[in-house]
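Protein sequence lines correspond, in order, to chains A and B. The numbering of the first sequence is the working numbering, which starts it at 119 and goes up by one. The numbering of the second sequence is the working numbering, which starts it at 119 and goes up by one. Written below as structure tokens is the structure these notes are about.
There are 2 protein chains.
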Amino acid sequence: MKVVIVGSGNVATHLALAFLDADIEVSQVWSNNYGNALNLAIKVSAQAIESLNEVDNDADLLVIAIKDDAIAETLARLVHFKGAIVHTAGSVNLNVFGNKIKNYGVLYPLQTFSKDKTLDFRIIPLCVEANNYETLAFIKAVAIKLSDKVEEVDSERRKVLHLSAVFACNFTNHLYALAANLLAENDLKFDLIKPLIKETANKILTTTPKNAQTGPAVRNDEQTLKSHEAMLVKQPALLEIYKTLSNSIKKHN
Amino acid sequence: MKVVIVGSGNVATHLALAFLDADIEVSQVWSNNYGNALNLAIKVSAQAIESLNEVDNDADLLVIAIKDDAIAETLARLVHFKGAIVHTAGSVNLNVFGNKIKNYGVLYPLQTFSKDKTLDFRIIPLCVEANNYETLAFIKAVAIKLSDKVEEVDSERRKVLHLSAVFACNFTNHLYALAANLLAENDLKFDLIKPLIKETANKILTTTPKNAQTGPAVRNDEQTLKSHEAMLVKQPALLEIYKTLSNSIKKHN
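Written out as structure tokens, the structure reads:
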């Protein structure tokens, strides 16, 4: 089996490495930026190609891992490809493939990827979808070689998964960043709250987030809420986040 | 050395157990609710007392781990106590002790506690403060027996630490809860995003949250942002959180 990777960002890189680990050949890498394609190609012993016209038509699978809004135009340049094509985006509907490609689907890895951080790909949920039974079976068979957690998820539910991931990961990380800023402004080390961040994430592995909720808002501790709000009076954007999230906690608990 | 615990909630329980682990005798436990005092007293082989008048004046340390707004009134009933008194609150100033108690301070464990979840207390940062040098030395000596991470932090900076903890822990946990709700509403399992939550917390142990930021807002992926907002149109409170945090990410990155 041969796989072509289109893209060279975090998802493309981690997927290419996962194929390598699973003894699946990555034959070619293409990227908008040829230098980036070359870097990734070297990592996985593949050929970097400068044009999508050079895509190997003998490849069985072409994986598109690029910015969401570039997927449609890239697909328009791949109508000649004979194998199956998948995209890897959480929020892009299956219908992005249009009617000029025969076998297509989605391979969405539900994880946050950093270029330089290795991950155990086998524990990453892979959400799969396809336009026909054979292609679905093929994508599933490939996915199972990469991960122990393969789930069939249609476009609508995949979009919900992605939205949930934005709340649980992207927004959460931003709250870490806001906390880091507050600490730095007061000569306090971010290291001090790392055990707390770790435990907060660990807790919900064994109980529901609702059960795990602590803090002044869930205790209705108005004195502390007021005192925190007073501290943020010169940072209106932070104050708005503080009030919005505290009110939401009160409403949900 | 003998310690009296005032309170029977999560912090009181974990601290009492940490004293036990450190071979420091917990001699008495008092709580608003005598039944709760009794439960905790049994766990740590202490005596449950019904009234603060029964507090053993031979004890060296009395630890107040109760709701923030009950601390002042409880202290008013402890002016006869001869040992050192500490509270454990993040946002309560040292001046809550007034001028009728001789030796006092703060022992603030920077962690989120659940009653039934055991924790390695030795990795929990303990922030200490006191009203005089001898008491500070005493509290520090006790703290070092409980944890490897003892930090001197004054009231103002402790308040900032607590506020940062609200962002990084309480708000973060609430975002997990909102994600769990979105998933449940669409028959998707919360388990699917647990690896993501774990990795999001793990990432910032080795890089800054700013470096770790991913998602549509930091990519300026307007198409996905608009599509997510459209999904939340019937949940205005969630939509507000989505917009507020996405804008904050854009502004900070």
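Beta carbons: idealized from backbone N, C-alpha and C, even for Gly.
is_contact[residue i, chain B] using C-beta, thresh 9 Å
| i | result |
| --- | --- |
| A:F256 | no |
| A:V122 | no |
| A:M349 | yes |
| A:E317 | yes |
| A:V430 | Residue 430 of chain A cannot be examined here, being either before or after the span of chain A that is shown, 119 to 371. |
| A:K218 | no |
| A:Q341 | yes |
| A:S209 | yes |
| A:N299 | yes |
| A:R275 | yes |
Short CB-CB distance (under 9 Å) between residue i and chain D
| i | result |
| --- | --- |
| B:S366 | Checking the listed chains, one finds no chain D in this structure; the protein chains it contains are A and B. |
CB contact check: residue i to chain A, cutoff 9 Å
| i | result |
| --- | --- |
| B:H280 | yes |
| B:H292 | yes |
| B:V268 | no |
| B:E358 | yes |
| B:P354 | no |
| B:L133 | no |
| B:Q331 | yes |
| B:T192 | no |
| B:I241 | yes |
| B:D139 | no |
| B:D187 | yes |
| B:S345 | yes |
| B:H370 | yes |
CA-to-CA distance, residue j to residue i, given in whole angstroms
| i | j | result |
| --- | --- | --- |
| A:L314 | A:N150 | 41 Å |
| B:Y360 | A:F285 | 8 Å |
| B:I142 | B:N299 | 44 Å |
| A:S169 | A:P227 | 26 Å |
| B:Y251 | B:T290 | 37 Å |
| B:L135 | A:F137 | 48 Å |
| B:K120 | B:V271 | 25 Å |
| A:V351 | A:H132 | 43 Å |
| A:V144 | B:N329 | 29 Å |
| A:S273 | A:T206 | 12 Å |
| A:V173 | A:L180 | 9 Å |
| B:W148 | A:T236 | 50 Å |
| A:E358 | B:G208 | 22 Å |
| B:K161 | B:K368 | 50 Å |
| A:L293 | A:V260 | 36 Å |
| A:S364 | B:R276 | 20 Å |
| B:N304 | B:A348 | 16 Å |
Element boundaries [alpha helix (DSSP H), containing residue i]
| i | result |
| --- | --- |
| A:G153 | Y152 to K161 |
| B:I257 | Y251 to L264 |
| B:V129 | N128 to D139 |
| B:H280 | S273 to A283 |
| A:H205 | No alpha helix (DSSP H) holds A:H205; the beta strand (DSSP E) holding it covers A202 to H205. |
| B:V336 | P334 to R337 |
| B:Q165 | Counting along the chain, B:Q165 falls outside any alpha helix (DSSP H), though it belongs to the beta strand (DSSP E) covering Q165 to I167. |
| B:E59 | Residue 59 of chain B lies beyond the residue range present for chain B, which begins at 119 and ends at 371; the question has no answer from this structure. |
| A:N329 | P327 to A330 |
| B:E191 | I189 to A194 |
| B:N291 | T290 to E303 |
9 Å Cβ cutoff met for residue i and residue j
| i | j | result |
| --- | --- | --- |
| A:L244 | A:V214 | no |
| B:N221 | B:A248 | yes |
| A:L281 | B:H370 | no |
| A:A183 | A:I257 | no |
| B:N128 | A:P334 | no |
| B:A319 | A:K316 | yes |
| B:I311 | B:L301 | yes |
| B:S126 | A:T332 | no |
| B:L356 | B:L296 | yes |
| B:I203 | B:G216 | no |
| A:D234 | B:D187 | no |
| A:T342 | B:F308 | no |
Other residues of its chain near residue i: CB distance less than 6 Å, five sequence neighbours each side excluded
| i | result |
| --- | --- |
| B:L156 | A166 |
| B:K263 | A140 |
| A:L229 | Before going on, a small fix: residue 229 of chain A reads as Gln here, not Leu. Counting only Cβ-Cβ distances below 6 Å, and skipping sequence neighbours, we find I242. |
| A:R240 | S265 and D266 |
| A:N154 | S126 |
Limits of the beta strand (DSSP E) - the one that residue i falls within
| i | result |
| --- | --- |
| A:Q146 | E143 to W148 |
| B:L179 | L179 to I182 |
| A:K120 | K120 to V124 |
| A:P227 | Y222 to P227 |
| B:A248 | L244 to A248 |
Cβ shell of residue i (< 8 Å), same chain only, five flanking positions each side left out
| i | result |
| --- | --- |
| B:E269 | P243, L244, C245 and V246 |
| A:L158 | I123, S126, A130, T131, A134, V147, S149, A164 and A166 |
Any non-hydrogen atom of the ligand NAP closer than 8 Å to residue i Cβ
| i | result |
| --- | --- |
| A:V173 | Ligands displayed in this structure: none; no statement on the ligand NAP is therefore possible. |
Contacts around residue i, its chain only, beta-carbon distance under 7 Å, and the 5 residues preceding and following it disregarded
| i | result |
| --- | --- |
| A:V197 | K218 and I219 |
| B:W283 | Note on identity: in this sequence residue 283 of chain B is Ala, with Trp being the wrong assignment. G208 and L228, listed in sequence order. |
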